[in-house]
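Before any comments, here is the structure.
There are 2 protein chains.
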Amino acid sequence: MRTDGRRLCKKLNQLDPLALPHVAAYFQALSEPLRLRILNELRSGPRNVNELTARLDCSQANVSKHLGVLARLGFVARHARGTAAYYRIADEVVYDLCDLVCDRIALRLQHHVETLRAFRPKAERPARAAARKPGKTARRTAEDDLP
Amino acid sequence: MRTDGRRLCKKLNQLDPLALPHVAAYFQALSEPLRLRILNELRSGPRNVNELTARLDCSQANVSKHLGVLARLGFVARHARGTAAYYRIADEVVYDLCDLVCDRIALRLQHHVETLRAFRPKAERPARAAARKPGKTARRTAEDDLP
DNA sequence: AACGTCAATAACTATACAGTAATATAGTCA
DNA sequence: TGACTATATTACTGTATAGTTATTGACGTT
C-alpha cells in the first residue's frame with residue numbers, strides 16, 4: 005500500500021487534531037451492528053439492496069440508509085444495474101479492523117473465563133455477586149487494573 | 005498472541021451474530037474525537053485525570069466519563085495513587101486500529117486531490133459545483149464508483 | 001477534626017441517529 | 001403511455017449519549 009515515495013501522515017499521534025473527527029467518523033460507521041452485518045454479507049460478494057434486505061431481515065429503507073453511510077465513507081461502492089443497485093466492498097481494510105477487534109474481544113472473554121474459573125472450584129457461589137448499594141455515590145477506590 | 009491450541013473465534017464472518025453488538029461497542033468507543041485525543045495523550049505514558057483535563061482543555065467530569073467508557077471496554081487501565089487516578093493504555097491494539105484508519109483516510113484524501121487535479125488544468129472553475137435542487141427528491145442514477 | 005484537592009457520579013439539556021412509514025424517482029416491461 | 005419494481009429520500013419518533021453543573025466521597029495536610 006502506497007510505496008510511491010511521498011507518504012501521507014499515517015500515525016494517529018502525528019495527526020493534526022483537526023483530522024481526529026474524520027478518524028472518529030470512520031469508527032462510528034463501524035459502530036452499528038446492522039452495518040457490520042451488511043459488511044459481513046458483502047464479504048461473499050456484491051449484493052443488491054433487495055438481497056440484503058431479505059437476508060438481514062430488516063426494512064429496505066433502513067438498509068439503503070446504512071449503505072449510504074458506508075458508501076459515503078468509502079467502505080462500499082455502488083454499481084447500478086437496471087433498477088437494482090449492487091454494492092460491493094470498496095475497502096478491504098474493514099475486515100482487518102473487524103478481525104483485530106474480534107481478536108481482542110476473544111482475548112478479553114478468555115480472560116474473563118479464566119478469572120471466573122478461579123472462583124469456581126471452591127464453591128458454586130456466583131462470582132462477583134457483590135451487590136452495589138444503589139442511590140449512593142460509590143466512589144471507586146483501589147480495585148484497579150482488573151480488566 | 006494465543007498460541008495454545010484452542011483458538012477462539014477471530015474472523016468477523018465466523019462470528020455469532022450475537023457477538024456483533026460487542027464488536028460494534030468496541031468501535032463506538034473509538035468514535036468520539038475526545039476519546040481519541042485521550043488515547044493519543046496516553047501514548048506518551050500514564051496520565052492522571054487532572055493532567056488530561058488540562059492538556060485537552062475540557063471539563064474534568066467529561067474526561068472522567070470518557071475514561072470510564074474506555075476503561076469499561078479495556079482500552080485503558082486505572083491505577084490510583086493517593087487521590088489521583090492514573091490511566092494508562094491497557095490494549096495497544098487501539099493504535100493499530102487508529103493507524104489503519106488514518107492510513108485509509110490519507111489514501112482517500114490523496115485520491116480526492118488527484119481527482120480534483122484532473123479538473124483544474126482546464127480552467128479555474130471549482131470542481132463539482134453542480135448545485136443540488138433542494139426540496140426535490142434527487143434519486144441517484146449512474147454516477148457510481150466514484151469514491 | 002477541619003480543610004483542600006482530586007476524581008467519580010447524578011441530574012439535566014441538547015443533539016445525533018437508528019428505525020419506520022410514506023413518498024418520489026429511475027428503469028423495465030407490457 | 002401506463003403499470004410495476006427497485007431504490008433513495010423525507011419527515012417523524014424514540015433512544016442514546018456528549019457535555020455541563022453540582023455534588024459526593026476519598027485521600028492528604030495542617
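Keeping their order, the protein sequence lines are chains A and B.
Throughout the first sequence, residue numbering follows the numbering used here, covering 5 to 151 in sequence.
Throughout the second sequence, residue numbering follows the numbering used here, covering 5 to 151 in sequence.
The beta carbon of each residue, even a glycine, is placed where N, CA and C say it ideally should be.
Note that the structure is a prediction, hence the values are computed from the model and not measured.
**Report entry** Nearest neighbour of A:Leu24, chosen from B:Gln32, B:Leu40, B:Pro21 [CA to CA]
**Finding:** Within the first sequence, residue 24 of chain A is the residue found at index 20, counting from 1. For the residues B:Gln32, B:Leu40, B:Pro21, the minimum Cα distance to A:Leu24 belongs to B:Leu40.
Query raised in the report: What is the DSSP secondary structure of A:Arg51, counted as helix, strand or coil?
Result: Sequence index remark: in the first sequence, residue 51 of chain A carries index 47 (1-based). It is a strand residue.
Query - Distance between A:Glu118 and A:Ala29 (C-alpha atoms, nearest Å) - result: Mapped onto the first sequence, residue 29 of chain A falls at position 25. Mapped onto the first sequence, residue 118 of chain A falls at position 114. Whole-angstrom Cα-Cα distance: 35 angstroms.
Requested in this report: Look at the Cβ atom of B:Asn52, then the Cβ atom of B:Ala84, and state whether they are nearer than 7 angstroms.
Outcome: Counting from one through the second sequence, the residue named residue 52 of chain B turns up at place 48. Counting from one through the second sequence, the residue named residue 84 of chain B turns up at place 80. Not closer than 7 angstroms, so no.
Query - Check whether A:Gly78 and A:Asp95 have beta carbons under 7 angstroms apart - result: Here residue 78 of chain A is taken as the residue at index 74 of the first sequence, counted from 1. Here residue 95 of chain A is taken as the residue at index 91 of the first sequence, counted from 1. Taking 7 angstroms as the Cβ cut-off, A:Gly78 and A:Asp95 qualify as a contacting pair.
Report task. Check whether the Cβ of A:Pro130 lies closer than 7 angstroms to any Cβ atom in chain B. Result -> Locating residue 130 of chain A in the first sequence gives position 126, counting from the first residue. Interpretation of A:Pro130 is limited by its pLDDT of 47, a score under 50 that renders its predicted location unreliable; the figure taken from the coordinates is listed afterwards. Closer than 7 angstroms: no.
Query raised in the report: B:Leu111 to A:Glu36, Cα distance in whole Å?
Result: The sequence position of residue 111 of chain B within the second sequence is 107, counting from 1. The sequence position of residue 36 of chain A within the first sequence is 32, counting from 1. If you take the alpha carbons of B:Leu111 and A:Glu36, they lie about 24 angstroms apart.
Query raised in the report: At a CB-CB cut-off below 7 angstroms, which residues of chain A make contact with B:Asp95?
Result: Looking up residue 95 of chain B in the second sequence gives position 91. Per Cβ cutoff of 7 angstroms: Arg108.
Requested in this report: If I'm right that A:Leu101 touches B:Leu101 with Cβ under 8 angstroms, what's the distance once you round it to whole angstroms?
Outcome: Position 97 of the first sequence, counted from the first residue, corresponds to residue 101 of chain A. Position 97 of the second sequence, counted from the first residue, corresponds to residue 101 of chain B. Going by Cβ atoms, the distance from A:Leu101 to B:Leu101 rounds to 6 angstroms, so yes, they are a contact pair.
Query raised in the report: What is the rounded straight-line gap between the Cα of A:Asp61 and the Cα of B:Ala122?
Result: Numbered from its first residue, the first sequence carries residue 61 of chain A at position 57. Numbered from its first residue, the second sequence carries residue 122 of chain B at position 118. Cα to Cα, the separation comes out at about 42 angstroms.
**Report entry** beta strand (DSSP E) segment containing B:Ala33, residue limits
**Finding:** Taking the first residue of the second sequence as position 1, residue 33 of chain B is located at position 29. That residue, B:Ala33, is in no beta strand (DSSP E); its alpha helix (DSSP H) goes 24-33.
**Report entry** Local conformation of A:Ala94 per DSSP, three classes
**Finding:** Translated into positions along the first sequence, residue 94 of chain A becomes position 90. The answer is coil: DSSP assigns A:Ala94 none of H, G, I, E or B.
Report task. With 7 angstroms as the threshold, decide whether the Cβ of B:Ala28 is near any Cβ in chain A. Result -> Here the question's residue 28 of chain B lines up with position 24 in the second sequence. Chain A contact via Cβ: present.
Query raised in the report: What's the gap between the Cα of A:Leu120 and the Cα of B:Ser68?
Result: Locating residue 120 of chain A in the first sequence gives position 116, counting from the first residue. Locating residue 68 of chain B in the second sequence gives position 64, counting from the first residue. About 28 angstroms.
Report task. Count the other CB atoms, across all protein chains shown, that sit within 10 Å of the CB of B:Arg129; report buried if there are 16 or more and exposed otherwise. Result -> The residue you call residue 129 of chain B lines up with position 125 of the second sequence. Below a pLDDT of 50, predicted positions are generally treated as unreliable, and B:Arg129, at 49, falls in that range; the measurement from the model is reported next regardless. With fewer than 16 other Cβ atoms within 10 Å, it is exposed.
Report task. Taking A:Asp107 as the reference, give the member of B:Val97, B:Arg92, B:Glu55, B:Arg59 with the closest Cα. Result -> As a position in the first sequence, residue 107 of chain A is number 103, starting the count at 1. Looking at the Cα atoms, B:Val97 is the closest of the given residues.
Query raised in the report: Among residues of its own chain, excluding the 5 on either side of A:Thr57, which ones have a beta-carbon nearer than 6 angstroms to its beta-carbon?
Result: Within the first sequence, residue 57 of chain A is the residue found at index 53, counting from 1. Counting only Cβ-Cβ distances below 6 angstroms, and skipping sequence neighbours, we find Gln64, Val67.
Requested in this report: State the CB to CB distance for the pair A:Phe31 and B:Leu43, rounded to an integer number of angstroms; the pair is presumed to be in contact (CB under 8 angstroms).
Outcome: Position 27 of the first sequence holds residue 31 of chain A. Position 39 of the second sequence holds residue 43 of chain B. Rounded, the Cβ-Cβ distance is 11 angstroms, inconsistent with contact.
Query raised in the report: Using 7 angstroms as the limit for Cβ to Cβ distance, is B:Val105 near chain A?
Result: Here residue 105 of chain B corresponds to residue number 101 of the second sequence, with the count starting at 1. It does: the Cβ of B:Val105 has a partner Cβ on chain A nearer than 7 angstroms.
Requested in this report: Using a Cβ-Cβ cut-off of 7 angstroms, state whether B:Leu40 counts as contacting chain A.
Outcome: Your numbering for residue 40 of chain B matches position 36 in the second sequence. Chain A contact via Cβ: present.
Query raised in the report: Straight-line CA distance for B:Arg47 to A:Leu46?
Result: Position 43 of the second sequence, counting from 1, holds the residue named residue 47 of chain B. Position 42 of the first sequence, counting from 1, holds the residue named residue 46 of chain A. Distance between the alpha carbons of B:Arg47 and A:Leu46: 35 angstroms.
Report task. Determine the closest residue to A:Leu38 out of A:Pro50, A:His70, A:Leu22, with distance taken between C-alpha atoms. Result -> Within the first sequence, numbered from 1, the residue matching residue 38 of chain A stands at position 34. When only C-alpha atoms are compared, the closest one is A:His70.
**Report entry** Boundaries of the alpha helix (DSSP H) in which B:Ser68 is found, first to last residue
**Finding:** Translated into the one-based positions of the second sequence, residue 68 of chain B becomes position 64. Note, B:Ser68: alpha helix (DSSP H), 64-76.
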